[in-house]
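Down below is the structure, laid out as structure tokens.
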Amino acid sequence: RHHPIAQRLVEIVQKSKPLGEVSGIDTRFLVPPPSYTFTGKDEIRFQYPLAGGALMDLGCYGVDIIRYVSGENPTVVGASGERLEVDRDVDAGMDVSMLLPSGAKASVACSFFGPPGSSYWGKGSTVDARIECAGGTVRCENYLSPHLAHRIVMLDENGKEMSSETHYARGQSTYTYQLKNFVQACKDEEPDVSTSSSLYAYPTVDTAVKGMQVID
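Going by my numbering, 70 is the number at position 70 of the sequence shown; the sequence numbering is gapless.
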């Protein structure tokens, strides 16, 4: 939410609305196996006592981008998961269906064992967000690490590409922007991230808790 591409998505969805009102937001974060160097119980992401699992490690980003871009807090209406072999209490993958107060639908798909060839960028990108609107679709490739590579594409109702844009700014990662806004908050300064464009642009304790309630 601190990176310029997140700000641009909010601009498209909540302000200028070139494609009209939102009817659905779908996010994916699928990584190919082996997901990490350690695939046994030594991998912290696979440990139940440490709140391991695909939803906590991968899906949380999808939940956050949905809340930020829509400016709404979703309600979970359904979920299905796949258990990890090394610990049956930990989810290896999760598909979550949600409903926004506006009536729009939303979903999060995440997995430690995505399809072969999965990548953050390009034709094989499986880290993306699709925002369905009345007049077309907005697709954001690699909302997770946009400083490496990303693209925001707008498609018309027939799926024809209308525009493609990138917002690298100075090539800084989203963590750099986050740290800058944290320092501004500590100094009681106005944050660079817009607080008027979204209910969740500059999170409070309450909005952070609500985010965790969605994941729980």
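C-beta atoms are modelled at their ideal positions from N, C-alpha and C, and glycine is treated no differently.
If you're wondering where the values come from, they're calculated on a predicted model, not measured in any experiment.
### Task
Would you identify the three-state DSSP class for residue 11, choosing helix, strand or coil?
Reduced to three states, the DSSP call for residue 11 is helix.
#### Entry: Segment contact, 8 Å Cβ cut-off, at least three pairs: the region 137-157 with the region 94-112
Taking a cut-off of 8 Å on C-beta distances, the region 137-157 does not touch the region 94-112, as fewer than three cross pairs fall below it.
### Message
Since residue 94 and residue 79 should fall inside the 8 Å C-beta cutoff, what is the C-beta to C-beta distance between them, to a whole number of angstroms?
### Response
Their Cβ separation, rounded to whole angstroms, is 6 Å, which keeps residue 94 and residue 79 in contact under 8 Å.
### Query
Once you ignore the five residues that flank residue 162 on each side, which residues in its own chain have a CB closer than 6 Å to its CB?
Shown here for residue 162: same chain residues with a beta carbon closer than 6 Å to its own, the five before and five after excluded, namely 154, 156 in chain order.
### Per-residue burial, residue 164 [other beta carbons within 10 Å of its own, 16 or more giving buried]
By the 10 Å Cβ count, residue 164 comes out exposed.
### Message
Is it buried or exposed, residue 9, if we count other Cβ atoms within 10 angstroms and call 16 or more buried?
### Response
Counting Cβ neighbours within 10 Å, residue 9 comes out buried, since at least 16 surround it.
### Message
In the DSSP output, which residue or residues are listed as bridge partners for residue 137?
### Response
DSSP lists 132, 155 as partners of residue 137.
### Message
Within 10 Å of its beta-carbon, does residue 29 have 16 or more other beta-carbons around it, so buried, or fewer, so exposed?
### Response
Classification for residue 29: buried.
### Query
Would you call the CB atoms of residue 12 and residue 150 closer than 8 Å?
For the 8 Å CB-CB criterion, residue 12 and residue 150 do not form a contact.
#### Entry: Exposed unless 16 or more other CB atoms sit within 10 angstroms - verdict on residue 212
Exposed: under 16 other Cβ atoms inside 10 Å.
### Query
Is it buried or exposed for residue 58, if we count other Cβ within 10 angstroms and need 16 for buried?
It is buried - the Cβ of residue 58 has at least 16 other Cβ atoms within 10 Å.
### Query
Sorted by chain position, which residues of the same chain lie with C-beta nearer than 7 Å to residue 76's C-beta, five sequence neighbours on each side aside?
Answer for residue 76: 96, 98, 214, listed in chain order.
### residue 104 (DSSP reduced to helix, strand or coil)
Here residue 104 sits in coil by DSSP.
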